[in-house]
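Using full-length UniProt numbering, the letters of the sequence shown map in sequence onto residues 1 to 286. Beta carbons: idealized from backbone N, C-alpha and C, even for Gly.
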Amino acid sequence: MVTLDFRTLTVPVGIVRILEVIFTCISFSLVASVGHSTNSFWTWCMFTWCFCFCVTFLIIFLEFTSLSVKLPISWDDFTTAFAMLATLMVLATSIIYPIFFTCSSCGKQIGATVISCLTFILYAVEVGLTRAKPGEISGFLSTVPGLLKVLEAFVACIIFICLDYNQFSKYPGLQWCVAVYCICFIFAVLVIIFTICRLLSLFPAPFDKVLTGCNVLAVLMYITAVVVWPFYSFQNNSSRPSYCSKVVLCPWDNLVVISFMTCFNLAAYIVDTVYSFRLVFFISRT
Numbered sequence: 001m002v003t004l005d006f007r008t009l010t011v012p013v014g015i016v017r018i019l020e021v022i023f024t025c026i027s028f029s030l031v032a033s034v035g036h037s038t039n040s041f042w043t044w045c046m047f048t049w050c051f052c053f054c055v056t057f058l059i060i061f062l063e064f065t066s067l068s069v070k071l072p073i074s075w076d077d078f079t080t081a082f083a084m085l086a087t088l089m090v091l092a093t094s095i096i097y098p099i100f101f102t103c104s105s106c107g108k109q110i111g112a113t114v115i116s117c118l119t120f121i122l123y124a125v126e127v128g129l130t131r132a133k134p135g136e137i138s139g140f141l142s143t144v145p146g147l148l149k150v151l152e153a154f155v156a157c158i159i160f161i162c163l164d165y166n167q168f169s170k171y172p173g174l175q176w177c178v179a180v181y182c183i184c185f186i187f188a189v190l191v192i193i194f195t196i197c198r199l200l201s202l203f204p205a206p207f208d209k210v211l212t213g214c215n216v217l218a219v220l221m222y223i224t225a226v227v228v229w230p231f232y233s234f235q236n237n238s239s240r241p242s243y244c245s246k247v248v249l250c251p252w253d254n255l256v257v258i259s260f261m262t263c264f265n266l267a268a269y270i271v272d273t274v275y276s277f278r279l280v281f282f283i284s285r286t
């Protein structure tokens, strides 16, 4: 039986989600009113706003009708993971859209950019509201290591978008880096899926120890990628080609983005490993 829970609309996180729905709707409406574009960046921005609008509206509806408690998933883990993912997606969109589609006389585009930035702030606030507080009993994805898993997976997706087969297929070293990105991404996604679907008991060993071991391995693998990727990518190609200033998508720029994101993900895995060690060797003993 469906029961309406009006309290879900009046608590702080409920109000934030309502504003998210409104702001994402305004963003994609403004952009759509300007006209359609076949540019992949335009498609990404529209997908982000529409995706976040639909999922946030669905979350509000399921909580308002109390149907969320009947779903066979960890609801808190799902909503927190989505809030983190939406924060990263909207942040990327708020950077990409104004770079490629705004101008000094583009009122609607500027308005969409401003609203998108406000939406990013709202999703970041939701992450702060739903994140597990010290001493709270909550799902794994509500904790800092859980949120880092979402971050690691998202950064890996950006790396995949920038990869060009013709570039990394030339050197075994670059192929190793791609393997590192794929292996670590797959594990992060598995952790997220298993947590949301309440399947962590299927791990062959205690989850915290498996997580720590895989994080240590990921750090070691990413250290090699941080060294190997720029060494082979910028061999005889250390300076930005002149033609890059005349094209929208420059392969050299993609190599720089991958190098930066590799370093960023290494830092994320190091922080994740520190938290994992703290969880296994300090908190579990107290």
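- Message: Here's a check: name, in chain order, each residue in its chain whose Cβ is nearer than 6 Å to the Cβ of ILE137, leaving out the five neighbours to either side.
- Response: Legend: pLDDT at ILE137 = 46, less than 50; position of this residue unreliable, no value from coordinates given.
- Task: Work out the CA separation of ARG131 and ASP77 for me, nearest whole Å.
- Result: 10 Å
- Message: For the stretch 84-102 against the stretch 66-74, do three or more pairs of beta-carbon atoms, one drawn from each stretch, fall closer than 8 Å, so that the two count as touching?
- Response: no
- Query: Nearest CA to the CA of LEU30: which residue from GLN109, VAL271, THR79 and LEU174?
  - Reply: GLN109
- Query: Terminal residues of the continuous alpha helix (DSSP H) containing ALA188?
  - Reply: 172-196
- Query: If you check the beta carbons only, do ALA179 and LYS149 fall under 9 Å apart?
  - Reply: no
- Query: Cβ atoms of PHE41 and PHE101: under 9 Å apart, would you say?
  - Reply: yes
- Query: Using a Cβ-Cβ cut-off of 8 Å (strictly less than) and excluding sequence neighbours within five positions of ARG17, which residues of its own chain qualify?
  - Reply: THR56, ILE59, ILE60 and GLU126
- Message: Taking a contact to mean a Cβ-Cβ separation below 9 Å, would you say TYR123 touches ALA83 in this structure?
- Response: yes
- Query: So, using beta-carbon positions, are VAL13 and PHE53 closer together than 9 Å?
  - Reply: no
- Message: Using CA atoms only, rank isn't needed, just tell me which of ASP272, LYS170 and PHE6 is closest to THR143.
- Response: ASP272
- Query: Can you give the beta carbon distance from LEU88 to LEU151, rounded, assuming they're within the 8 Å contact cut?
  - Reply: 7 Å
- Should PHE231 be labelled buried (16 or more other beta-carbon atoms within 10 Å of its own) or exposed? exposed
- Task: Kindly indicate which three-state DSSP category PHE203 falls into: helix, strand or coil?
- Result: coil
- Task: Can you give me the start and stop residues for the alpha helix (DSSP H) that SER37 sits inside?
- Result: Taken as a continuous stretch (DSSP letters only), SER37 belongs to no alpha helix (DSSP H), as it is neither H nor E.
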